[in-house]
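For the sequence shown, the positions run 1 to 245 when UniProt numbering is used. Glycine is no exception: its CB is placed at the ideal position from the N, C-alpha and C atoms. The structure presented is a predicted model; accordingly, all values stated were derived computationally and were not measured.
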Amino acid sequence: MKVNAKSDHKLLPKVTKVVAKGDAKGKKVNKAWLHDHINDPYVKQARKEGYRARAAFKLKEMDETLGLIKPGDCVVDLGSTPGAWSQYVRRKLSPTGAAVGALNGRIIGLDLLPMEPIEGVVFIQGDFREPEVLAKLEQALSTEKGPVKVDLVISDMAPNLSGIESADAARIAHLVELAVEFAQTRMKPDGALVVKLFHGSGYDDLVKLFQASFKVVKRMKPKASRPNSSETFLVGRGLKNVTPV
Ligand SMILES: C[S@@+](CC[C@H](N)C(=O)[O-])C[C@H]1O[C@@H](n2cnc3c(N)ncnc32)[C@H](O)[C@@H]1O
Numbered sequence: 001m002k003v004n005a006k007s008d009h010k011l012l013p014k015v016t017k018v019v020a021k022g023d024a025k026g027k028k029v030n031k032a033w034l035h036d037h038i039n040d041p042y043v044k045q046a047r048k049e050g051y052r053a054r055a056a057f058k059l060k061e062m063d064e065t066l067g068l069i070k071p072g073d074c075v076v077d078l079g080s081t082p083g084a085w086s087q088y089v090r091r092k093l094s095p096t097g098a099a100v101g102a103l104n105g106r107i108i109g110l111d112l113l114p115m116e117p118i119e120g121v122v123f124i125q126g127d128f129r130e131p132e133v134l135a136k137l138e139q140a141l142s143t144e145k146g147p148v149k150v151d152l153v154i155s156d157m158a159p160n161l162s163g164i165e166s167a168d169a170a171r172i173a174h175l176v177e178l179a180v181e182f183a184q185t186r187m188k189p190d191g192a193l194v195v196k197l198f199h200g201s202g203y204d205d206l207v208k209l210f211q212a213s214f215k216v217v218k219r220m221k222p223k224a225s226r227p228n229s230s231e232t233f234l235v236g237r238g239l240k241n242v243t244p245v
């Protein structure tokens, strides 16, 4: 699979540091990337609106197109660090649209890496593939009245890529499959799952998995997703087979 999963989630407060790290060729690439990054309207907009990453605008466009987030929702954000998607959901679930204060709903973020706290967002650090981490997530969804069913699962998880086509395709597929499995057991029957994946080998099988799992499947390529990246998103709505917890 030709995967260009170039990270766009660092807003790079200090540009010089990055350039200093590369060799001669690396410096050129970094310079070109930095030039594009600094002039990227989504990077500028993210800074202006206080988002930690331009990725916020990918979720925003999908939400505005498909109406994914509603007041009172319980949202699980997989691969949440640095936190732009959680920030967007946090604002959307605020009665006033504010980043702080009252929150009408629940948000749980999960990532391998630490995440700076976001008011009202419960964060779990760990690997989503590990059963202990899943157990922590299930614990975070438990209340005295029993487990809370999730309205929306959003996954921007991306594995570290090795460059070996078959291995990378398998890693990407595994994360998507686990997200689907989680949605099937923990989501409300009319809930939605958003996952990031990459065009290439394995893509068609993941679309088929979505079609077998959800009543409605949409393929999304938000404008903020770089056109030269094979990154794309699938949105599944309404579970076809509800697996009891
Ligand atoms: C592109 S970033 C997510 C950006 C985030 N949506 C935002 O808006 O700030 C992808 C994240 O997925 C996380 N990730 C990758 N594999 C993971 C795994 N197995 N379990 C948990 N997180 C994972 C990475 O650590 C990384 O922070």
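* Complete beta strand (DSSP E) runs within the region 111-156 (minimum length 3 residues, chain order) -> The qualifying runs are 121-125, 150-155.
* Cβ pair I124, A140 closer than 9 Å -> yes
* Out of P95, L78, A99, V76, state which residue places its alpha-carbon closest to the alpha-carbon of Q87. => A99
* Asked: Comparing the CB of R219 with every heavy atom of ligand 1, is any distance shorter than 8 Å?
  -> Not under cutoff, so the answer is no.
* Closest by CA to V133, which one among S166, S162, L178, K149? -> L178
* Name the two residues that bound the continuous alpha helix (DSSP H) containing D63. => 56-66
* By the 10 Å Cβ neighbour count, where 16 or more other Cβ atoms means buried, how is S143 classified, buried or exposed? -> The sequence shown places Thr at residue 143, not Ser. Classification for T143: exposed.
* Asked: What does a CB cutoff of less than 7 Å around E231 pick up in its chain, not counting 5 residues either side in sequence?
  -> A5, K196, F198, S225
* Straight-line gap, Y203 to A169 (C-alpha atoms, nearest Å) -> 8 Å
* Which residues bound the beta strand (DSSP E) around D190? -> 187-198
* Asked: Which one or two residues does DSSP pair with F214 in a beta bridge?
  -> L239
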